[in-house]
Each structure stands twice: as C-alpha cells, then as structure tokens.
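Visitor:
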Amino acid sequence: MKWSEMSPGQRNALVAERIFGHKVDTATVRWFTSKISAAWEVVTLMRSEMYDFTLDSDDDTWIAIFRRMGDKQYKAIAQTAPEAICLAALAVMGVQVL
Numbered sequence: 001m002k003w004s005e006m007s008p009g010q011r012n013a014l015v016a017e018r019i020f021g022h023k024v025d026t027a028t029v030r031w032f033t034s035k036i037s038a039a040w041e042v043v044t045l046m047r048s049e050m051y052d053f054t055l056d057s058d059d060d061t062w063i064a065i066f067r068r069m070g071d072k073q074y075k076a077i078a079q080t081a082p083e084a085i086c087l088a089a090l091a092v093m094g095v096q097v098l
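All letters in the sequence shown, in the order written, are residues 1 to 98 by the UniProt record's numbering.
#1: Tell me which same chain residues have a C-beta within less than 6 Å of the C-beta of Val97, skipping the five on either side of it?
#2: For Thr54, which residues in the same chain have their Cβ closer than 6 Å to its Cβ, ignoring the five residues on either side in sequence?
#3: Assuming contact is defined by CB atoms lying nearer than 9 Å, are Ile19 and Leu45 in contact in what I supplied?
#4: Classify Glu83 as buried or exposed, calling it buried when 16 or more other Cβ atoms lie within 10 Å of its own Cβ.
#5: Which term fits Ile36, buried or exposed, when burial requires 16 or more other beta carbons within 10 angstroms of its beta carbon?
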C-alpha cells in the first residue's frame, strides 16, 4: 500500500487497526498521524511492549525509532513527528507502506 496515496483518515484508521487492534471507520478515528498527543499514545503502547523509543529531527524531517534490546530497530523518517512515530510503529507490526 502507498502511504502517499492514502487519505489522512485512512492512515489513522490503519494505525488504529494495526497498532491498537481497533475496528474503526475513517470518520471516528483519532488523528494519530497528525496530532502529537494522539501519536504519543502510540509511543506509550509501544513502550508498554518493551520497545525503547527515540525521536530526533533535523532541519525539515523527523526520525522515529523503536527498538527492543537485542532486536532490530524500526526506523521511519517523515515531515512531522506524529507521522514518523506512526510509520515506525507500523513497521514494528510488519506493515510496510511505501
């Protein structure tokens, strides 16, 4: 699936379904990919699953990394912190978006 071709609602529904296990429609889902408070719920859940979390930025991009001790790291780069967080968490769950 192509991230760039998904609507914001579709992106948020994907996060709700694959990260939180919720069955949702795009009209009622939280804005995980655009609101930092909602994205932080993703971080909280991943940390409860024993993933370390790193968030960094440079001039115009954000880098989010989830990693367990001795496991590979799951890294995503995006224009916003919430989007990078969600993409990295989706990678942990085995969801590959282009």
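For each residue, glycine too, the CB sits at the ideal point set by N, CA and C.
On a predicted model such as this, the values are computed, not experimentally measured, just so you know.
Guide: Here's the rundown:
#1: Excluding residues within five positions, the ones whose Cβ falls inside 6 Å are Met1 and Trp3.
#2: Ile65
#3: yes
#4: buried
#5: exposed
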